[in-house]
Every structure is written in C-alpha cells, then in structure tokens.
Amino acid sequence: MAETPQVEQTEQEGKSLDTGVLIFHLPTNTKCRIAAWVRKGTGQVTVNGVPVTKLLEEGKVRRFEELLRTLRRERLKSVDVELTIESPQWTEILSPPVLAYAINEALTNLLGRL
37 MAETPQVEQT
47 EQEGKSLDTG
57 VLIFHLPTNT
67 KCRIAAWVRK
77 GTGQVTVNGV
87 PVTKLLEEGK
97 VRRFEELLRT
107 LRRERLKSVD
117 VELTIESPQW
127 TEILSPPVLA
137 YAINEALTNL
147 LGRL
C-alpha cells in the first residue's frame, strides 16, 4: 500500500485551527461554526474575507469593549487571522451583538493556542 505524503505547513502558509465556537440560530435552525486560518502577519483579522474593522464601521458587528481589547492583544499583532463563519447567510441571521461575542470568543480561544 502506498504511503500518503505528508505536507508540512510553513509559517508563511499558515495553519487551520478550530476555534471551538459554534453558533446556533434557532429561528432558522442554522448552525454556524467558526474556523480560522492563522499565519505569520501584521495583526489583520478578517471574517469571511472582510476586515473586522470594516464590519465594525458598517455596524454588522457591535462595538464590544472586550472585542476591541482582544484585537489589541500583543500576540495577535504578529499573525493574520482569517475567520470563516460556515454559513452563507451569517450577515442576515446573526445580530451585531452575537457576532461581536462570537468573534471575541473565537479570537480568545485562538490566543490560547498561539
């Protein structure tokens, strides 16, 4: 039987991490898991390709003091984090306070693994 070659990921490529965050939206019976891709970088945090700062400006994520503090954490300044919410309609079904809390929890969980 042939052995499957293992691919090593470099710091430039990054790595996929489970954030441990699962949001359940009862009215639509939708589950939204948040996954992350982390690589060496300059502290950029995006959600489904959109910078968190833009989501805050647009009001899609509520300004949440804990989230703002987490975004300023020293350990996040040396990596780029791409969060992916695994539901195409996440912006329509998740309220700004729920998104802020979920993003903060995802980042907090990631900080423990960096």
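Residue numbers (our numbering): 37 to 150. Even glycine gets a Cβ: it sits at the ideal position worked out from N, Cα and C.
Mark residue i as exposed unless 16 or more other C-beta atoms lie within 10 angstroms of its C-beta, in which case mark it buried.
i, result
"Leu-91", "buried"
"Thr-55", "buried"
"Leu-24", "Look at the range of the chain in this structure, 37 to 150, and you will see that residue 24 is not part of it."
"Thr-120", "buried"
"Leu-135", "buried"
I need the DSSP call for residue i, collapsed to helix, strand or coil.
i, result
"Val-57", "strand"
In terms of residue numbering, what span does the beta strand (DSSP E) encompassing residue i cover?
i, result
"Val-97", "Run containing Val-97: none; DSSP gives neither H nor E here."
"Glu-118", "115-121"
"Arg-109", "Taken as a continuous stretch (DSSP letters only), Arg-109 belongs to no beta strand (DSSP E), as it is neither H nor E."
"Thr-127", "Careful: Thr-127 lies outside any beta strand (DSSP E), inside the alpha helix (DSSP H) at 126-129."
"Thr-78", "Taken as a continuous stretch (DSSP letters only), Thr-78 belongs to no beta strand (DSSP E), as it is neither H nor E."
How far does the alpha helix (DSSP H) with residue i in it extend, from its first residue to its last?
i, result
"Thr-144", "132-147"
- Message: With three or more beta-carbon pairs closer than 8 angstroms as the criterion, would you say the region 103-116 touches the region 75-90?
- Response: yes
Checklist entry - If you pair each beta-carbon of the region 128-140 with each one of the region 57-73, do three or more pairs fall below 8 angstroms? => result yes
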